[in-house]
Amino acid sequence: MNTRQLSILKTLISQSGYYSAGKLARENAVSVKTIYKDIAVIADLFLSLGVEIKRKPRLGYQIIMNADQKNELHQILIRDSNDSSTVVSREQELFRKIFIDCESIDMIEYSLDNYISESSVKRSLEKIESYANDFNIVFSKPRGIVHISGSEADIRNFIHYYILTVIKIEDNALDKSTLSLVFDDSIIEDVLRHIYYLEEVYGLFVSEEYKYYTALNVLISLFRYRNAHIADSVDLLNGVQIEELELYLFAIDLLSRTYQTEFEQIPHSEIQYIISSLIAVGYRVEATLYTEEYAGVVERFIKEMGSLLDIDFSDDSHLKMMLINHIQPMIFRSRNQIIISNQTTEAIKTQYSVLYNFIWLSSKILEEHFSIALTDSEIAFLTIHFEIAIEKKAKPIRIYVVCPYHLAISELIVSQLRKFVSNFDTIRAIGLEELPQLVIAESDLVISTIDISDKGIPFILVNSVITKEQIESIQHHYYQYTNGNRQMLTQLNSDHNHVKPLVKYLLKNRIFLRHHLRSKEDSIEEIIHYASPSNTDFLPFANSIYEREKLGHTSTYTGIAMPHAHPGYVKRSEMILFTLDKPIRWGMHMVKVILFIAISEREFPIYKNALIQLYSKIDSVKYIESLWQSTNQEQFMENLFKEVYY
1 MNTRQLSILK TLISQSGYYS AGKLARENAV SVKTIYKDIA VIADLFLSLG
51 VEIKRKPRLG YQIIMNADQK NELHQILIRD SNDSSTVVSR EQELFRKIFI
101 DCESIDMIEY SLDNYISESS VKRSLEKIES YANDFNIVFS KPRGIVHISG
151 SEADIRNFIH YYILTVIKIE DNALDKSTLS LVFDDSIIED VLRHIYYLEE
201 VYGLFVSEEY KYYTALNVLI SLFRYRNAHI ADSVDLLNGV QIEELELYLF
251 AIDLLSRTYQ TEFEQIPHSE IQYIISSLIA VGYRVEATLY TEEYAGVVER
301 FIKEMGSLLD IDFSDDSHLK MMLINHIQPM IFRSRNQIII SNQTTEAIKT
351 QYSVLYNFIW LSSKILEEHF SIALTDSEIA FLTIHFEIAI EKKAKPIRIY
401 VVCPYHLAIS ELIVSQLRKF VSNFDTIRAI GLEELPQLVI AESDLVISTI
451 DISDKGIPFI LVNSVITKEQ IESIQHHYYQ YTNGNRQMLT QLNSDHNHVK
501 PLVKYLLKNR IFLRHHLRSK EDSIEEIIHY ASPSNTDFLP FANSIYEREK
551 LGHTSTYTGI AMPHAHPGYV KRSEMILFTL DKPIRWGMHM VKVILFIAIS
601 EREFPIYKNA LIQLYSKIDS VKYIESLWQS TNQEQFMENL FKEVYY
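Shown next, in the form of structure tokens:
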């Protein structure tokens with residue numbers, strides 16, 4: 001018999017009446033099904049003793065025996081408790097009680113409950129403690145009650161080690177039989193079922209060989225979390241590769257199902273703990289739920305983002321596959337109002353604010369196609385996929401500094417280079433002996449204080465104390481490499497560069513040159529005609545344009561009118577632009593350019609800076625004149641974005 005079965009037997013012996021299987025299951029943290037199996041083992045032992053275990057429906061079990069039978073059973077229990085297999089089982093039970101169930105152990109009480117001496121309990125605990133010491137875990141025993149202390153990370157690492165090294169059968173892969181020595185079968189099966197299901201949903205697959213390792217980490221997380229021991233906090237956006245965040249939804253969904261709780265209740269650090277374990281065992285991505293519908297709308301979404309960013313994503317099959325896999329559970333969450341609310345969203349909005357705003361605009365394609373409304377968090381997760389795609393296109397440059405004898409000199413050169421080299425790129429000082437092992441990419445730079453032309457590697461020769469001319473030469477080579485795709489990273493961090501794509505996005509193709517309009521009223525009707533149906537189908541939208549004109553004419557002395565709709569009535573942000581074949585009167589002024597602006601309240605922060613830059617130019621008569629003189633859209637756009645000097 002194992003330790004649990006001995007414990008069940010002891011409980012039944014001490015009772016004068018019936019004891020239910022459900023109560024035994026709760027006391028031993030196992031399923032009722034497991035209790036039935038344990039009772040069957042005990043019943044087999046009783047056959048040789050002539051002892052009967054009676055069972056009554058809805059009441060439970062009772063042992064029927066006389067004094068002689070009880071004495072004989074007591075001797076068997078003492079013998080079994082000292083058996084080597086029982087000693088191992090006892091150590092496993094103590095390990096589980098302390099580290100999984102997070103209990104304190106009263107050594108005297110435990111020895112009495114299990115028919116063993118207190119010294120036997122101490123020996124088992126000392127053996128566990130000898131392993132735990134290597135993980136900085138301290139055992140304390142005030143008044144014979146065992147407690148442990150240590151960081152949560154160390155404790156979880158020890159649990160992992162103990163199960164895989166001490167409990168697991170050597171040379172065998174981790175399997176259910178090993179996990180069953182620590183965790184209840186039904187919980188193991190639930191976790192594995194969740195993993196298999198979510199693999200299909202998210203298209204992220206863990207190899208069969210490592211599924212039990214993933215399940216182990218989820219089980220550790222579950223029991224530690226249940227007992228108020230939360231994983232040590234780790235910032236997802238610092239020290240973690242952005243690619244790892246693709247696992248975020250998989251991890252949070254897996255924990256939500258295992259914990260049986262809502263997404264927003266799951267500690268951020270527990271999600272990171274599972275992400276780290278998935279990265280450790282490895283996974284593969286497959287577009288298992290590919291459909292033509294999803295592929296088509298994703299392609300439109302990617303094309304829209306490419307247009308805003310002026311980046312060609314058409315050859316990025318990984319981006320397309322990840323988005324196809326992502327939007328299916330995203331649609332489910334949105335339609336069922338499952339909201340993911342956590343600190344990661346705010347971190348992404350802050351760190352990738354420009355990209356986040358562009359995603360917000362482009363995602364209308366998804367919202368309209370699937371009739372959903374995306375939350376900030378969903379936009380943040382879409383942002384992750386595009387940030388990965390952008391960083392892949394703008395590959396970092398590696399700069400190697402070869403200085404074979406003087407470390408101080410190499411560090412001086414590195415510090416001089418760091419003044420103009422982007423943090424996105426790496427600078428590394430190396431010795432001459434490392435050169436043969438290096439794989440030098442075409443975009444990498446090698447700078448050396450000695451002649452290494454015999455190595456067959458392109459390099460820039462510099463003095464030990466680098467000169468101004470040599471610095472300029474290095475800068476020239478560096479900027480040659482960074483002048484291409486690297487510009488996209490610079491543009492994503494420059495407010496000035498956002499104006500053009502945002503204005504182009506608002507205008508679409510609604511630019512009408514040398515248009516014939518007879519009056520202000522005629523012009524407003526034409527604006528409403530060309531406006532988005534999303535806006536014109538909402539009656540207050542059009543009314544708000546007329547109401548604004550009643551408050552005061554929107555024309556200026558420079559020759560432009562800028563009518564606009566009330567932000568609260570705008571469903572889709574847009575601009576419409578007309579240059580007129582001849583000027584018309586608009587209030588006090590004659591105008592020849594009309595720029596209609598409709599920005600929704602929700603999206604005003606996205607467009608604010610772009611609008612400010614446009615407004616800053618309309619006081620220039622020459623600027624408005626250049627717009628009016630434009631003969632085609634290409635010329636018009638060039639004039640629209642040119643600098644204005646007063």
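Residue 1 is where the sequence shown starts when you use UniProt numbering, and the numbers rise one by one after that.
Where is the CB? At the ideal position from N, CA and C, for every residue including glycine.
Continuous alpha helix (DSSP H) stretch holding A43: start and end: 32 to 47
Member of A373, E601, W628, S620 whose CA lies at the smallest distance from the CA of P583: W628
CB-CB length for Y18 against G60, believed under 8 Å: 4 Å
Residue nearest to G306 in terms of C-alpha spacing, selected from L355, A280, Q272: L355
Cβ-based neighbour list, V644, same chain, cut-off 6 Å, excluding 5 preceding and 5 following: K617, S620, Y623
Residue 683 - DSSP class collapsed to helix/strand/coil: Coverage of the chain is limited to positions 1 through 646, which leaves residue 683 absent and any answer about it impossible.
Local conformation of I302 per DSSP, three classes: helix
Beta-carbon proximity of Y259 to L319, cut-off 8 Å: no
Close beta carbons around R380, own chain, < 8 Å, minus the five adjacent residues each side: Checking the displayed sequence, the identity of residue 380 turns out to be Ala instead of Arg. Closer than 8 Å at Cβ, skipping near neighbours: T344, T345, I348, K349, Y356.
Presumed contact (8 Å Cβ cut-off) between R90 and V182, rounded CB distance: The Cβ separation is near 14 Å, so there is no contact.
8 Å Cβ cutoff met for I403 and T375: It should be noted that the sequence gives Cys, not Ile, for residue 403. No. Outside cutoff.
Secondary structure of T426, DSSP reduced to three states: strand
The alpha helix (DSSP H) enclosing D376, as first and last residue numbers: 376 to 393
Helix, strand or coil at P583 [DSSP, three-state]: strand
Strand pairing of S140, partner residues [DSSP]: H147
Length of the line joining the Cα atoms of I145 and F99: 15 Å
Extent of the continuous alpha helix (DSSP H) run through Y273: 268 to 281
Pair within 8 Å by beta-carbon distance, L164 and L179: no
Rounded C-alpha distance that separates S120 from L112: 11 Å
Given L73 as reference, the closest of K54, Q92, R55, L47 once Cα atoms are compared: L47
Between the CA atoms of L382 and L236 - distance to the nearest angstrom: For L236, the predicted structure reports a pLDDT of 47, less than 50, and the residue's modelled location is therefore unreliable. A value from the coordinates is still provided. So the two alpha carbons sit approximately 16 Å from each other.
Rounded straight-line distance, which links the Cα of A280 to that of F250: 15 Å
V503 beta carbon less than 8 Å from that of residue 650: For residue 650 there is no data in the structure shown, the boundaries of the chain being 1 and 646.
Option in Y213, E27, K468 with minimal Cα separation from L278: Y213
Alpha-carbon spacing of Q5 relative to R58, whole angstroms: 21 Å
For A153, the first and last residue of its enclosing alpha helix (DSSP H): 152 to 161
Residues of its chain near I195, where Cβ-Cβ distance is below 8 Å and the 5 sequence neighbours each way are ignored: V206, K211, T214, A215, V218, L254
For M330, the three-state DSSP class (helix, strand or coil): helix
Cβ pair count under 8 Å reaching 3, the stretch 132 to 140 against the stretch 149 to 157: yes
Burial state of S256, where buried means 16 or more other Cβ atoms lie within 10 Å: buried
Pairwise C-alpha distance: E126 and E313: The question names Glu, yet the displayed sequence has Phe at residue 313. Rounded to the nearest angstrom, the two C-alpha atoms are 60 Å apart.
Buried versus exposed, by CB contacts within 10 Å (16 or more), P533: exposed
Spatial distance of L551 from N543 (CA atoms): 13 Å
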